[in-house]
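Colleague: Just passing along the structure, written as structure tokens.
In our numbering, the protein residues as written are 603 to 897.
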């Protein structure tokens with residue numbers, strides 16, 4: 603049987619010559635090497651189609667270029683090489699290459715007081731672009747934390763004061779009686795509302811950075827907020843968590859300002875954007891605040 607040349611439809615000339623901003627594939631399963639372990643990631647890979655007369659790009663070439671990420675640690679340099687390969691394989695068609703990687707980063711976190719520890723999963727996104735001799739990488743994380751409403755806390759304290767006045771009015775103050783009262787539901791008649799909250803942070807990295815500082819970024823955010831959600835806990839840990847919430851009362855505005863100031867101190871960041879979401883237990887809607895710097 604005579605051999606036939608396989609048709610290459612993508613190489614055909616397009617009748618309506620229109621350049622396209624981005625063409626590629628989304629949701630490609632790819633293993634990556636990150637911080638000493640293999641991680642399952644999803645990749646979005648693409649290039650622009652600056653040659654408007656061309657019918658399309660060579661998606662298989664992008665797919666094959668991603669294989670290099672399996673064999674080396676994920677660093678800005680590895681990503682740069684991958685994007686350079688994207689462009690080299692589309693030299694006549696494209697001037698810009700783009701890569702997005704999404705994966706979960708597991709960190710083992712100790713309890714606040716007890717010797718327990720447990721794993722926490724953080725959603726990570728790495729966005730990279732190479733175009734016209736320009737290359738930059740953006741790192742995004744989702745960090746959950748707890749927030750307790752300052753207004754609700756003040757209102758709860760007032761109710762406790764009123765209950766104290768009602769229960770002890772006209773009586774001599776007895777230390778033991780007050781101590782027992784403070785430890786009872788009769789005394790502490792109200793508690794402030796709190797909720798699980800989320801900080802979504804995107805940071806643009808310095809061009810010469812040799813690593814992806816994921817753990818450092820997460821630790822900085824959690825430290826600034828003071829109330830990271832916990833994993834394995836005993837009662838002593840839960841009590842310490844209650845204390846941390848009481849000492850870090852936060853509106854969404856407070857949380858956003860805390861994170862903003864922390865991000866400004868990162869030496870390897872050239873720009874950032876942030877969004878905090880408090881899933882209010884008082885309301886059926888969320889309280890949200892955003893901020894950015896040089897984004």
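Ideal Cβ positions, reconstructed from N, Cα and C, are used throughout, including at glycine. These numbers come from a predicted model, not from an experiment.
Three-state secondary structure (DSSP) at residue 793?
Modeller: Looking up residue 793 in the chain shown gives position 191. In this structure, residue 793 counts as coil in the three-state DSSP scheme.
Colleague: Would you identify the three-state DSSP class for residue 871, choosing helix, strand or coil?
Modeller: One-based indexing of the chain shown puts residue 871 at position 269. Note: residue 871 maps to strand in three-state DSSP.
Colleague: According to the neighbour-count rule (16 or more other Cβ atoms, all chains shown, within 10 Å of its Cβ), is residue 573 buried or exposed?
Modeller: Nothing can be reported for residue 573, as the shown portion of the chain is limited to 603 through 897.
Colleague: Quick one: any contact between the stretch 637 to 652 and the stretch 701 to 721, if contact means 3 or more CB pairs under 8 Å?
Modeller: These segments touch.
Colleague: Quick check: what's the CA-CA separation for residue 728 versus residue 762?
Modeller: Sequence index remark: in the chain shown, residue 728 carries index 126 (1-based). Sequence index remark: in the chain shown, residue 762 carries index 160 (1-based). Taking the straight line joining both Cα atoms gives about 48 Å.
Colleague: Excluding the 5 residues flanking residue 620 on each side, which residues of the same chain have their C-beta closer than 8 Å to its C-beta?
Modeller: Counting from 1 along the chain shown, the entry for residue 620 is found at position 18. Closer than 8 Å at the Cβ level, and outside the excluded window around residue 620, lie 654.
Colleague: Could you give the first and the last residue of the continuous alpha helix (DSSP H) run that contains residue 684?
Modeller: As a first step, residue 684 is located in the chain shown; it is residue number 82 there, counting from the start. Unbroken alpha helix (DSSP H) run through residue 684: 678 to 690.
Colleague: Could you please give the first and the last residue of the uninterrupted alpha helix (DSSP H) stretch that includes residue 826?
Modeller: Stepping through the chain shown from its first residue, residue 826 is reached at position 224. First-last of the alpha helix (DSSP H) with residue 826: 816 to 827.
Colleague: Using a Cβ-Cβ distance under 9 Å, would residue 834 count as near chain D?
Modeller: Protein chain content of the structure displayed is limited to a single chain, and chain D is not contained in it.
Colleague: Measure how close the beta-carbons of residue 795 and residue 748 come, nearest whole angstrom, since I'm counting them as under 8 Å.
Modeller: Taking the chain shown and counting its residues from 1, the one referred to as residue 795 is at position 193. Taking the chain shown and counting its residues from 1, the one referred to as residue 748 is at position 146. Not quite, the Cβ-Cβ distance comes to about 11 Å (not below 8 Å), so this is no contact.
Colleague: From 717, 678, 693, 698, pick the residue whose C-alpha is nearest to that of residue 838; which is it?
Modeller: For the purposes of this step, residue 838 is identified with residue 236 of the chain shown, where counting begins at 1. Closest option to residue 838, Cα to Cα, is 717.
Colleague: Suppose the cutoff is 8 Å on Cβ atoms and the five residues either side in sequence are ignored; what does the same chain contact list for residue 733 look like?
Modeller: In the chain shown, the residue the question calls residue 733 occupies position 131. If we look at residue 733 and ignore the five residues flanking it on each side, its Cβ neighbours are 650, 697, 698, 699.
Colleague: Classify residue 806 as buried or exposed, calling it buried when 16 or more other Cβ atoms lie within 10 Å of its own Cβ.
Modeller: The residue labelled residue 806 in the question sits at position 204 within the chain shown. Buried: at least 16 other Cβ atoms inside 10 Å.
Colleague: In this structure, does DSSP put residue 630 in helix, strand or coil?
Modeller: Reading the chain shown from its first residue, position 28 is the one you call residue 630. Three-state DSSP puts residue 630 in a strand.
Colleague: Decide yes or no for the touch test of the stretch 822 to 833 against the stretch 737 to 746: beta carbon pairs closer than 8 Å, at least 3 of them.
Modeller: Verdict: yes, contact present.
Colleague: Could you give the first and the last residue of the continuous beta strand (DSSP E) run that contains residue 728?
Modeller: Your numbering for residue 728 matches position 126 in the chain shown. Residue 728 -> beta strand (DSSP E) spans 719 to 733.
Colleague: Output the distance between the C-alpha atoms of residue 779 and residue 767, rounded to the nearest integer angstrom.
Modeller: Sequence index remark: in the chain shown, residue 779 carries index 177 (1-based). Sequence index remark: in the chain shown, residue 767 carries index 165 (1-based). If I take the Cα positions, the gap works out to 14 Å.
Colleague: Would you report the Cα separation of residue 595 and residue 798, rounded to the nearest angstrom?
Modeller: No statement about residue 595 is possible, as the shown extent of the chain runs from 603 to 897 and does not include it.
Colleague: Where do the N-terminal and C-terminal ends of the alpha helix (DSSP H) with residue 864 fall, by residue?
Modeller: The residue labelled residue 864 in the question sits at position 262 within the chain shown. Residues 854 to 866.
Colleague: If I measure Cβ to Cβ from residue 858 and keep anything under 6 Å in the same chain, skipping five residues before and after, which residues do I get?
Modeller: For this step, residue 858 is matched to residue 256 along the chain shown. Excluding positions up to five away in sequence, the list reads 878, 891, 893.
Colleague: Going by beta-carbon coordinates alone, are residue 636 and residue 819 separated by less than 9 Å?
Modeller: Your numbering for residue 636 matches position 34 in the chain shown. Your numbering for residue 819 matches position 217 in the chain shown. For residue 636 and residue 819, no; Cβs fall outside 9 Å.
Colleague: Are the CB atoms of residue 632 and residue 664 nearer to each other than 9 Å?
Modeller: Within the chain shown, numbered from 1, the residue matching residue 632 stands at position 30. Within the chain shown, numbered from 1, the residue matching residue 664 stands at position 62. No.
Colleague: Can you tell me the Cα-Cα spacing of residue 851 and residue 686, whole angstroms?
Modeller: Your numbering for residue 851 matches position 249 in the chain shown. Your numbering for residue 686 matches position 84 in the chain shown. Between residue 851 and residue 686, the C-alpha separation is close to 48 Å.
Colleague: Mark residue 668 as exposed unless 16 or more other C-beta atoms lie within 10 angstroms of its C-beta, in which case mark it buried.
Modeller: By one-based count along the chain shown, residue 668 stands at place 66. So residue 668 counts as buried.
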